[in-house]
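Reading through the structure tokens given below for one structure.
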Amino acid sequence: MEGANAMKFKMALPVAQSFAHRISVYSKLAKPSQGVTITRLYCQRATKKGIQRRIFSGIQPTGIPHLGNYFGALQNWVKLQNDTDNSVVFSIVDLHAVTLPQDPDVLRQSIRDCVAVLLACGIDPEKSILFQQSSVHQHAELAWILGCKTTLARLGQFPQWKSKAGGDKKKECVGLYTYPVLQSADILLYKATHVPVGEDQLPHLELAQNLARIFNNNYGAFFPIPKAITGEVSRVKSLRNPSAKMSKSEPDPKSRIELTDSCEDIQEKFKKAVTDFTGSVTFDPENRPGVSNLVAIHVAIEDSSPEEICERVMGVQTGEYKVMLAEAVNAKLAPIRERIFELRRNTEYIEDVLRTGAERASEIAERTYNDVKKLVGLI
């Protein structure tokens, strides 16, 4: 018996030593004065494989979302939401919107319109957390903590703050300069593991990753390092300037198809879309960017390929093709448009969605930020 017990002890010793080593590591990461228990940190690591993907994304309430938003982001949001392996958090990022001058009444309505659009496109508040950013005060508070870990030199690497100000020195406010830090706080506050981003937003996600690593190095393993969700997305260009992406901020309203545009508006905007003097329809983005943009929109509408579209409309002149495309786009957007108008009239439901979403988001945000305050030494 003594020999058997000795053998069991020898077999168990490496496991005990390994466990003791891990406890020692986590003891260093979470000092008792920080108020964060060793068990919580240890269990978070130990059950990592069983944790759902937490996905965060946001949209600014600056005008009605357009066709580029729909194919570039919103369709993907719905797919991510409907994947049961994901826990998704979507925010109307109104604090980002006020980095540029806003009319209060217009902004207030734009927030509600944005909610209506998201719901009409398929975002389900039963499956997702959908909320207004400013309703959760921890976004701004965590942004301050992270801002204290960020250098001016690092923020100066982002060119967007100058372009958003349009070269107007009077518009180059501190908020524009530091909004990448607020973006990082948006992501890290929910301990997001994944973020759907376009190529132009990758540097901003890299800042969030960098800040998560800095925080973890200073205070212990706390924030997941968020990963980018990229992939083939439809890059819809401006109808008036096909070298630039379709944008809510472009001054010419004919440059974009908004999701609330009427059938007549859609027809008129495609009629005025910039093309060239060649009558046939081909897909050649380098040499024929205008016509190629129209084909790309058609591809997105019908989930087809440029080759299939061009073969189908062989012999059709560009002017006729614009009419065909307008009809296809209107058929796609008509049910979404009707649902948006229906939701706009149901203001009580919109307010309820925002209120419930803020409550659910606040539960997560409060837990995270309380732990941050303990780790930093604020409590």
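The sequence shown lines up with residues -7 to 371 when you count with the numbering used here.
For each residue, glycine too, the CB sits at the ideal point set by N, CA and C.
From T170, G139, N74, K162, pick the residue whose C-alpha is nearest to that of F150; which is it?
-> Here residue 150 refers to the residue found at position 158 when the sequence shown is read from its first residue. Nearest C-alpha to F150: T170.
When the Cα atoms are used, what is the spatial distance from V266 to E300?
-> Within the sequence shown, numbered from 1, the residue matching residue 266 stands at position 274. Within the sequence shown, numbered from 1, the residue matching residue 300 stands at position 308. Cα-Cα distance, rounded: 22 angstroms.
G64 (DSSP reduced to helix, strand or coil) | Counting from 1 along the sequence shown, the entry for residue 64 is found at position 72. Correct three-state label for G64: helix.
Taking the beta strand (DSSP E) that Q124 falls in, what are its first and last residues?
-> In the sequence shown, the residue the question calls residue 124 occupies position 132. Here the beta strand (DSSP E) through Q124 covers 120 to 124.
Between the stretch 357 to 364 and the stretch 131 to 139, do at least 3 Cβ pairs fall closer than 8 angstroms?
-> Contact holds: three or more Cβ-Cβ distances are below 8 angstroms.
Less than 9 angstroms separating the beta-carbons of S49 and F82?
-> Numbered from its first residue, the sequence shown carries residue 49 at position 57. Numbered from its first residue, the sequence shown carries residue 82 at position 90. Yes, Cβ-Cβ distance for S49 and F82 is below 9 angstroms.
How is the beta strand (DSSP E) around P188 delimited, first residue to last?
-> Against the sequence shown, residue 188 aligns to sequence position 196. That run of the beta strand (DSSP E) goes 186 to 188.
Flag this pair as yes or no: are the beta carbons of F214 and L99 separated by less than 9 angstroms?
-> Mapped onto the sequence shown, residue 214 falls at position 222. Mapped onto the sequence shown, residue 99 falls at position 107. For F214 and L99, no; Cβs fall outside 9 angstroms.
To the nearest whole angstrom, what separates the beta carbons of V173 and A135, a pair I think is in contact under 8 angstroms?
-> Counting from one through the sequence shown, the residue named residue 173 turns up at place 181. Counting from one through the sequence shown, the residue named residue 135 turns up at place 143. With a Cβ gap of about 5 angstroms, V173 and A135 count as contacting.
Pull up the DSSP beta-bridge partners for A220, would you.
-> The residue given as residue 220 occupies position 228 in the sequence shown. DSSP, once it has assigned bridges, lists V187 as partnering A220.
If you follow the beta strand (DSSP E) that V81 is part of, which residue opens it and which one closes it?
-> Against the sequence shown, residue 81 aligns to sequence position 89. Per DSSP, V81 belongs to the beta strand (DSSP E) from 78 to 84.
Mind checking A379: buried by the 16 CB within 10 Å criterion, or exposed?
-> The requested residue 379 is not part of the displayed model; the chain covers only -7 to 371.
Near S25, which residues of its chain fall below 6 angstroms by C-beta distance, leaving aside the five closest residues on each side in sequence?
-> Taking the first residue of the sequence shown as 1, we reach residue 25 at position 33. Note that S25 scores 34 on pLDDT, short of 50, meaning its location in the model is unreliable; the coordinates nonetheless yield the value given after this. Taken in chain order, the list of residues that qualify is empty.
Could you please give me the residues that DSSP links to G50 through a beta bridge?
-> Walking along the sequence shown from the start, residue 50 turns up at place 58. Answer by DSSP bridge pairing, in chain order: S83.
When the cut-off is 9 angstroms and only beta carbons count, does Q67 lie next to chain B?
-> Chain labels in this structure do not include chain B; a single protein chain is all it has.
Top-ranked residue by Cα proximity to S138, from V291, I115, I206, P281 = Against the sequence shown, residue 138 aligns to sequence position 146. Strictly speaking, residue 138 in this sequence is Leu, with Ser absent from that position. Of V291, I115, I206, P281, the residue nearest in Cα terms is I206.
What do you get for S79, buried or exposed, if any count of 16 or more other CB atoms within 10 angstroms of its CB means buried?
-> On the sequence shown, residue 79 is found 87 positions in, with the first residue counted as 1. Buried.
Assess, as a yes-or-no matter, whether the stretch 56 to 66 is touched by the stretch 231 to 247 under the definition of 3 or more beta carbon pairs within less than 8 angstroms.
-> yes
Should K261 and I249 be called a contact, given that it needs their Cβ atoms to be closer than 9 angstroms?
-> Indexing the sequence shown from 1 puts residue 261 at position 269. Indexing the sequence shown from 1 puts residue 249 at position 257. Cβ atoms of K261 and I249: closer than 9 angstroms.
For L199, which residues of its own chain have a beta-carbon under 6 angstroms away from its beta-carbon, when the five flanking residues on both sides are left out?
-> Sequence index remark: in the sequence shown, residue 199 carries index 207 (1-based). Spatial neighbours of L199 in its own chain (CB-CB distance under 6 angstroms, excluding positions within 5 residues in sequence) are listed in chain order as P172, S176.
Kindly list the residues whose CB is nearer than 7 angstroms to the CB of G114, restricted to its own chain and excluding five residues on each side of it in sequence; keep chain order.
-> Position 122 of the sequence shown, counted from the start, is the residue given in the question as residue 114. Cβ within range, chain order: V70.
For S102, which residues from the same chain have a beta carbon less than 7 angstroms from its beta carbon, with the 5 sequence-adjacent residues on both sides left out?
-> Residue mapping note: residue 102 aligns to position 110 of the sequence shown, counting from 1. Hits under 7 angstroms: P53, T54, G55.
Would you check if the distance between the CB atom of R227 and the CB atom of G369 is smaller than 9 angstroms?
-> Counting from 1 along the sequence shown, the entry for residue 227 is found at position 235. Counting from 1 along the sequence shown, the entry for residue 369 is found at position 377. Contact flag unset, no.
Quick one, which of N233, A350, P218 has its alpha-carbon nearest L286's?
-> Here residue 286 is taken as the residue at index 294 of the sequence shown, counted from 1. That would be N233, whose Cα lies nearest to the Cα of L286.
Would DSSP call K237 helix, strand or coil?
-> Here residue 237 is taken as the residue at index 245 of the sequence shown, counted from 1. Strand.
Straight-line gap, V321 to I258 (C-alpha atoms, nearest Å) | In the sequence shown, counting from the first residue as 1, residue 321 sits at position 329. In the sequence shown, counting from the first residue as 1, residue 258 sits at position 266. Roughly 8 angstroms between the two C-alpha positions.
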